[in-house]
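**Q** In this note's numbering, the protein residues as written are 1 to 111. Built from N, CA and C at the ideal position, the CB exists for glycine as well.
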Ligand code: FES
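1. Between 54, 38, 16 and 2, which lies nearest to residue 45 when the distance is taken from Cα to Cα?
2. When you get a sec, list the residues whose CB is within less than 5 angstroms of any heavy atom of the ligand SAH, chain order please.
3. Can you list, in chain order, the residues of its chain whose CB lies under 7 angstroms from that of residue 7, leaving out five sequence neighbours each side?
4. Given this structure, state the Cα-to-Cα distance separating residue 75 from residue 42, to the nearest angstrom.
5. Using the C-alpha atoms, what's the distance from residue 91 back to residue 71?
6. Residue 96: buried (16+ other C-beta within 10 angstroms of its C-beta) or exposed?
7. Could you check if residue 35 is buried or exposed, using at least 16 other CB atoms within 10 Å of its CB as the buried criterion?
8. By a C-beta neighbour count over all protein chains shown, 10 Å radius and 16 as the cutoff for buried, is residue 61 buried or exposed?
9. Apart from the five residues just before and just after residue 14, which ones in its own chain have a Cβ nearer than 8 angstroms to its Cβ?
10. Which same chain residues end up closer than 6 angstroms to residue 9 when comparing Cβ atoms and leaving out the 5 residues on each side of it in sequence?
This is how it looks when you write it as structure tokens:
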């Protein structure tokens, strides 16, 4: 089994700006990608509050990302809420040869 099975190549790590989110849409997954001091974090771009796809535009303080719409805050490292609301989905990442790979769960249709 390949160590990258289940992972999708997203972009070069060196193309991700420091402390400024960027958005990727992969197989119906809307991703917000951040880099802080060289470490990469990937969360859902869709806020669990109003399902607004703007997390990549959120305000970063340390590892806290706040949704630009109503300010719900999350820890980028864990996706845990920082103000007693719902958590946000995080994605497992790997970096190989300067490329970011993200584990994208397959959607299962039940019909
Ligand atoms: S949509 Fe994100 S806090 Fe309301």
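**A** A quick look at the data gives this:
1. 54
2. Because the ligand SAH does not appear in the structure shown, any question about it cannot be addressed here, the ligands present being the ligand FES.
3. 94, 101, 102 and 103
4. So the alpha carbons of these two residues sit roughly 11 angstroms apart.
5. Our two residues, residue 71 and residue 91, have alpha carbons roughly 21 angstroms apart in a direct line.
6. exposed
7. It is buried - the Cβ of residue 35 has at least 16 other Cβ atoms within 10 Å.
8. exposed
9. 98
10. 99 and 101
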